[in-house]
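Enquirer: The listed protein sequences correspond, in order, to chains A and B. According to the numbering used here, the first sequence is numbered sequentially starting from 1. According to the numbering used here, the second sequence is numbered sequentially starting from 112. Don't be surprised by glycine CBs; every beta carbon is placed ideally from N, CA and C. Just so you know, these numbers come straight off a predicted model, no measurement behind them.
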Amino acid sequence: MSSEVELLQGALDLILLRALEAMGPQHAYSLAARLEQVSKSRLTLNQGTLYPALVRLEQNGWIKGSWRRTENNREAKYYSITKAGTRALARETERWRRLAGFVDALLLHEP
Amino acid sequence: MATVRRFLLRLLHFLQPHRAESELERELAAHLGVLEDEYTRRGLTGDDARVAARRALGGVAQAKELHRDARSFRWLNDLRQDTRFAVRALQRAPGFTAVVVGTLALGIGANTAIFSVVHAVLLRSLPFPGADRFIETSGAPMTFQDLEVLRSRSRTLSNLGSYHMETVTLSGRGEAAFLSGVRISPPVMAMLEATPLMGRLLQPRDESPGLDQVAVISYSMWQRRFAADAAIVGKTIALDGIQYEVVGVMRPGFEFPNADAEFWTPFVWGPRIRLAIVGRLTPGASFLTASTEVDELLRQARENRRSGGPPPPPGPGPGPPPPPSGGAARGAGPVRSEPIPARLFVVPLHAELIAGAKTPLVILSAAVGFVLLIACVNVGGLLLARGIRREREIWIRMALGAGRGRVVRQLVTESMLLTLVGGFAGVWLAVTGVRWLRVFGAAMPRQDLGASSVVPRLDEVGVDATVLLFALGVSLVAGLACGLVPAWWQSRVDARGELARETSATAPGFNVFHRSRGRALLVVVQIGLAVVLLLGSGLLIRSVLKLSSVDPGYATTRVLTFQVALPPNRSALRLSQELIAHVRELPGVRAAGYAQHLPLTRNLGHIPLSTRSQGPQSRFASPPPPPPPPGVAGRPDFPVLHLVSRDFLSALGVNVAEGRGFSDADPVGQPHSLLINRTLARSGFVGDHPIGTRVYTGAASWDIIGIVEDVRETGLADPPGPEIFANLERTGVDSTLFEHSSPYFAVRTDGSPTALVPAIRDIVRQLDPQMAPDRIATMDEIVSNSILQPRFYAGMFGLFAFIAGTLAVVGIYGGIAFAVSSRTREIGIRMALGASKYQVFRAIVGDVLVLAAVGIAAGVAGGALLTRYLQQMLFGLTPLDPAVFIAMPLVLAGAVLGAAFLSARPALSVAPLAALRHE
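#1: Can you give me, in chain order, the residues of the stretch 158-191 of chain B that have a beta carbon less than 8 Å from any beta carbon in chain A?
#2: Could you please give the first and the last residue of the uninterrupted alpha helix (DSSP H) stretch that includes H124 (chain B)?
#3: Where G977 (chain B) and L827 (chain B) are concerned, what is the direct C-alpha to C-alpha distance, given to the nearest angstrom?
#4: Check for me: the beta strand (DSSP E) holding H109 (chain A) runs from which residue to which?
#5: At least one CB of chain B closer than 8 Å to the CB of H27 (chain A): is that the case?
#6: With 7 Å as the C-beta to C-beta threshold (strictly closer), list the residues of the stretch 133-162 of chain B near chain A in chain order.
#7: With a threshold of 6 Å on Cβ separation, who are the neighbours of V661 (chain B) within its own chain once the five nearest residues in sequence on each side are excluded?
#8: Express the C-alpha separation of F255 (chain B) and G381 (chain B) in angstroms, rounding to a whole number.
#9: On a CA-only basis, which of B:D575, B:A466, B:S526 and B:V894 is nearest T668 (chain B)? Give me that one, please.
#10: Counting C-beta neighbours from all protein chains within 10 Å, is the total for Q334 (chain B) 16 or more, i.e. buried, or is it exposed?
#11: Restricting to runs no shorter than 4 residues, where is the alpha helix (DSSP H) found entirely within the stretch 233-299 of chain B?
#12: In terms of DSSP beta bridges, what is R503 (chain B) paired with?
#13: For chain A, find out if any of its Cβ atoms is closer than 8 Å to the Cβ of L460 (chain B); answer yes or no.
#14: Between the stretch 804-815 of chain B and the stretch 695-714 of chain B, are three or more C-beta pairs nearer than 8 Å?
#15: Just to confirm before moving on: does the CB-CB distance between A327 (chain B) and L350 (chain B) stay below 8 Å?
#16: Look at the alpha carbon of E259 (chain B) and the alpha carbon of I898 (chain B), and state the distance between them as a whole number of angstroms.
#17: Within the same chain, show all residues whose beta-carbon is closer than 6 Å to that of R793 (chain B), passing over the 5 residues directly before and after it, in chain order.
#18: Within 8 Å of any Cβ in chain B, is that where the Cβ of V38 (chain A) sits?
#19: Excluding the five sequence neighbours on either side, which residues of its own chain have a C-beta within less than 6 Å of the C-beta of A100 (chain A), listed in chain order?
#20: Is DSSP giving R56 (chain A) helix, strand or coil here?
#21: Taking A301 (chain B) as the reference, give the member of B:R316, B:L290 and B:A288 with the closest Cα.
#22: Kindly say whether L472 (chain B), judged by its beta-carbon, lies nearer than 8 Å to any beta-carbon of chain A.
#23: Does the beta-carbon distance from L1008 (chain B) to F952 (chain B) come in below 8 Å?
#24: As a quick exercise: from B:A338, B:Q354 and B:L752, pick the residue whose alpha carbon is nearest that of V325 (chain B).
#25: Between R116 (chain B) and chain A, is there a C-beta pair that is closer than 8 Å?
#26: Can you tell me whether M112 (chain B) is buried or exposed, with buried defined as 16 or more other CB within 10 angstroms of its CB?
#27: I need the DSSP call for P459 (chain B), collapsed to helix, strand or coil.
#28: Are there 16 or more other CB atoms within 10 angstroms of the CB of V931 (chain B), so buried, or fewer, so exposed?
#29: From what residue to what residue does the alpha helix (DSSP H) around N73 (chain A) run?
#30: Does the CB of P619 (chain B) have a neighbour CB from chain A at under 8 Å?
#31: In this structure, how does DSSP classify D758 (chain B) when only helix, strand and coil are distinguished?
#32: Closer than 8 Å by beta-carbon distance: list the chain A residues that pair up with A113 (chain B), in chain order.
#33: Please list the residues of the stretch 71-83 of chain A that have a C-beta atom closer than 7 Å to any C-beta atom in chain B, keeping them in chain order.
#34: Judging by CA-CA distance, which residue of A:A76, A:T49 and A:F102 is the nearest neighbour of W67 (chain A)?
#35: Taking the alpha carbon of N369 (chain B) as the point to measure from, which residue in B:H461, B:L143 and B:A396 has its own alpha carbon closest?
#36: Please identify the residue among B:A811, B:V228, B:P854 and B:F759 whose C-alpha is closest to the C-alpha of V819 (chain B).
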């Protein structure tokens, strides 16, 4: 169980960063909703996974949160990707790709 | 970079959780609001929207927890939580906490105190830079020739020389006084790398005879005796009547070799002196290489001297071929029959200083370690007992999902907290104890005979950083040891099964240690350890008692002794005679006299005695020779010569067994009157009827007029040797006889000796305003000072044994009392079923007594094996002394029985009906 969560942690961080880069500043709920939408309901994030991930990214300095008002005049914390985050995203995506390719090669090709 | 940032932020959030917490609240509330809006958009209204939103948000508590884990450090948070919980739990049980903390404080405190002594005395090197490379030769005493050889040829050693302490009379400035100081080779002083406050240190040129009358004084001496005179350098002081020029003043805090030294003068190595050589390892040398080199060089040099050939030239290079061994070329050098000694080697300098204290301190450390062990066992038992009460709580927690590791961690945190608090209290105890020890050491009468012989370097003992670290370490280890085992044991149960059972279940066989074989083992261990300690302390105490009851041969009560620092140019003999004449007039004085030595105060020289005249060419042409210089030992089978005044022996209460004592009728010329002691008389050396026999020391002749009883001269434990006594008022001696020109005075009184002190001061002052009595002590004090070391160690050991025994017995008491109180119901049932009070009583107490008996047996066996290490500290006893081996276990058995009865008595007054209703 825990190792699954580990793997997902790394991927989740990337997914969130990519989402913020592509979609612009989002607050937690809209981020989760959009991702669910885009992944055609295959990726459902509950609060237990989302908030710890956001904290991690924020502590790393890759995203930044600020309080703003929504259309309905509710206050919400909007997260946006930072420059360091963009750099990290590019770097980590590359690494992820290479890792995926490597695993792929191991699993699909006969030794 | 990101990881560092994250780490720091996590740390920040651990330390200040509130800000992040409130931020999270706000964010979750916002999230809720947005969800509400969403549901409102989808058609739900008001409360329905809110409820739906809340449901959609999901497990808030869990989210918060995961958030907390991510933003901070989980294990640190857990630790903080555990600690808070432990504090509250302990606050709820103040009695338990107090007992545990008290027990641990005793154990940890005692260990810390002893460790601080061990650390300062045995482990730390002398407080000088590079002191761990200071060396001293060992294996045989050295001569000045050995020093020459090493100085010129050694490559592994530098700063070679030697030193010895001495006491002199300072005179010429106000009252004369005794002073302790050091004769030290200038290179040795240089290796201490100290800078003087004023002037200079001793230098190599000061070693030449004629230039050696210079002195460096200590800071305290400069302050006290010269009023911090800024122009002191260049002035002269008189030490033992000889003028010395002050060339330097040391800084405050400079002490070598101990705090008593007030001055340093150059040491000139004379031909008859044998001492160890002191120095320093050169860079790159080791004790091993230096030992090898010293052994080689000196062996070779002695060979050369023995065979009479010239010593090989210093340094490498070709020289004359070495003389043939076997001694064909005799006659060139002095014939010396120096034995080639056993292997020589060098040891660290402070090894000699501490040699006497090493074994007793090590033994004391072991003893105090036992005490801590017992304390930990006790605490472990208490924790177990308390744990049994909390079983429900633990099972519920485990049922709610706490992992075993989590539960164990929390319990261990509790026990760690206890030991840390106990350790804190223990350190406070240790500081107090060490302070007391130093006060006790400083307050001794006759400092020169006192505390420093018990614990060398006592003034360096203190609770410093290393000692505190030790205390912390011991506390942590104790906490783990005490806490881990109970915690482990308690959390291993199957939660569901235990929860179903009633907590106060009855079990087959009323057993105090029901479900707890571990606790039974603990009792045996505790009792065993306590017995070992009691045996050890019993042996030491009995030893001291035997020592104290040795008849020293002189009176110890009502005898006052003192010395007087005499000014120069005064005849010590005449002054002493006048002094004694006046003292004799004082009321209450039975006898008064003076002498060269006082028993138990100094090393003595041996005099060759013979029944035939040696003729005038003997070395001892006129009686008697001056006191031997340091390091010169005489032949121990020759008698020791005591020069005493007419009434000195009666002032000391030494009885004349046969013949008569000294009187004014004794002739002034030869043959002089001589007294001998029993040991010499019995040895037959002077024939079967000593009285009237004529004997000789060199060319001087003596008539033996009486035999006196033996006297303990060097120590209560040492058997007396042969001794002779001469009346110094009749033998034409002069003042150079008295070391640092002062005799010892002894006064026998009817009443309290110390009451005479003011009167004596007056007499002395009247004779010469520059004189003053010093080193005033009753013979009582001197004797008890001489056995200070055994008394100290016996006292410490006894204290620890007492603590250990008390802890063990109290542990048993607690265990039984606890068992009784938690099994009240069962007792009631038994009684209702017909058991008599006696049977119940026996059931409760019986197995504890069996365990105690096993423990005592184990302790006696262990003691028999271990007490042999006490051998060198014992007097008049074997390590397996039967009296001690019977008495001590009996004492402990009695205490255990008493505790058992006391704690089990409430069981007898249990009313069965009330007990059955008891939950």
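Expert: Looking at the coordinates:
#1: L168, G169, G170, V171, Q173, A174, L177, H178, D180, A181 and R182
#2: Along the second sequence, one-based indexing puts residue 124 (chain B) at 13. Per DSSP, H124 (chain B) belongs to the alpha helix (DSSP H) from A113 to L126.
#3: Translated into the one-based positions of the second sequence, residue 977 (chain B) becomes position 866. Translated into the one-based positions of the second sequence, residue 827 (chain B) becomes position 716. The sequence as given places Leu at residue 977 (chain B); Gly does not occur at that position. About 26 Å.
#4: The count along the first sequence starts at 1 and reaches residue 109 (chain A) at position 109. Neither: H109 (chain A) is in no beta strand (DSSP E) and is coded neither H nor E.
#5: Within the first sequence, residue 27 (chain A) is the residue found at index 27, counting from 1. Closer than 8 Å: yes.
#6: E138, A141, H142, G144, V145, L146 and D148
#7: Taking the first residue of the second sequence as 1, we reach residue 661 (chain B) at position 550. Taken in chain order, the residues that qualify are L827.
#8: Within the second sequence, residue 381 (chain B) is the residue found at index 270, counting from 1. Within the second sequence, residue 255 (chain B) is the residue found at index 144, counting from 1. Approximately 7 Å, taken between the alpha carbons.
#9: Residue numbering aside, residue 668 (chain B) sits at position 557 when the second sequence is read from its first letter. It is B:V894.
#10: On the second sequence, position 223 is the one that residue 334 (chain B) refers to. Its Cβ having fewer than 16 others within 10 Å, Q334 (chain B) is exposed.
#11: List check, alpha helix (DSSP H) in window: 255-264.
#12: Against the second sequence, residue 503 (chain B) aligns to sequence position 392. In the DSSP output, where bridge partners are listed per residue, R503 (chain B) has none listed.
#13: Position 349 of the second sequence, counted from the start, is the residue given in the question as residue 460 (chain B). Judged by the 8 Å Cβ criterion, L460 (chain B) is not in contact with chain A.
#14: Contact annotation: the stretch 804-815 of chain B does not touch the stretch 695-714 of chain B, with fewer than three C-beta pairs closer than 8 Å.
#15: Taking the second sequence and counting its residues from 1, one reaches residue 327 (chain B) at position 216. Taking the second sequence and counting its residues from 1, one reaches residue 350 (chain B) at position 239. Checking the sequence, you will find Val at residue 327 (chain B) rather than Ala. Their beta carbons are not under 8 Å apart, which means V327 (chain B) does not touch L350 (chain B) by this criterion.
#16: Walking along the second sequence from the start, residue 259 (chain B) turns up at place 148. Walking along the second sequence from the start, residue 898 (chain B) turns up at place 787. Taking the straight line joining both Cα atoms gives about 40 Å.
#17: Taking the second sequence and counting its residues from 1, the one referred to as residue 793 (chain B) is at position 682. Around R793 (chain B): no qualifying Cβ.
#18: Sequence index remark: in the first sequence, residue 38 (chain A) carries index 38 (1-based). No - not a single Cβ of chain B is within 8 Å of the one on V38 (chain A).
#19: Residue mapping note: residue 100 (chain A) aligns to position 100 of the first sequence, counting from 1. Nothing listed; no residue qualifies.
#20: Along the first sequence, one-based indexing puts residue 56 (chain A) at 56. Note: R56 (chain A) maps to helix in three-state DSSP.
#21: The residue you call residue 301 (chain B) lines up with position 190 of the second sequence. Selected option, being the one with the closest Cα: B:R316.
#22: Looking up residue 472 (chain B) in the second sequence gives position 361. It does not; no Cβ of chain A falls within 8 Å.
#23: Taking the second sequence and counting its residues from 1, the one referred to as residue 1008 (chain B) is at position 897. Taking the second sequence and counting its residues from 1, the one referred to as residue 952 (chain B) is at position 841. No, the Cβ-Cβ distance between L1008 (chain B) and F952 (chain B) is not below 8 Å.
#24: On the second sequence, residue 325 (chain B) is found 214 positions in, with the first residue counted as 1. Comparing alpha carbon positions, the residue from B:A338, B:Q354 and B:L752 closest to V325 (chain B) is B:Q354.
#25: Your numbering for residue 116 (chain B) matches position 5 in the second sequence. Chain A, which has a Cβ nearer than 8 Å to the Cβ of R116 (chain B), makes this yes.
#26: Working through the second sequence from its first residue, we reach residue 112 (chain B) at position 1. With fewer than 16 other Cβ atoms within 10 Å, it is exposed.
#27: Working through the second sequence from its first residue, we reach residue 459 (chain B) at position 348. Three-state result, P459 (chain B): strand.
#28: For this step, residue 931 (chain B) is matched to residue 820 along the second sequence. Label assigned to V931 (chain B): buried.
#29: Here residue 73 (chain A) corresponds to residue number 73 of the first sequence, with the count starting at 1. First-last for N73 (chain A): undefined, no H or E at that position.
#30: Position 508 of the second sequence, counting from 1, holds the residue named residue 619 (chain B). With a pLDDT of 38 at P619 (chain B), under the threshold of 50, the modelled position of that residue is not reliable, and no figure is offered here.
#31: Numbered from its first residue, the second sequence carries residue 758 (chain B) at position 647. Note: D758 (chain B) maps to coil in three-state DSSP.
#32: By 1-based counting over the second sequence, the position of residue 113 (chain B) is 2. Going along chain A in sequence order, the residues near A113 (chain B) (Cβ under 8 Å) are N60, G61, W62, A84 and A88.
#33: N72, R74, E75, A76 and K77
#34: Position 67 of the first sequence, counted from the first residue, corresponds to residue 67 (chain A). Taking only the C-alpha atoms, the option nearest W67 (chain A) is A:A76.
#35: The residue you call residue 369 (chain B) lines up with position 258 of the second sequence. When each option's Cα is compared against that of N369 (chain B), the closest is B:H461.
#36: Reading the second sequence from its first residue, position 708 is the one you call residue 819 (chain B). Measuring from the Cα of V819 (chain B), the nearest candidate turns out to be B:F759.
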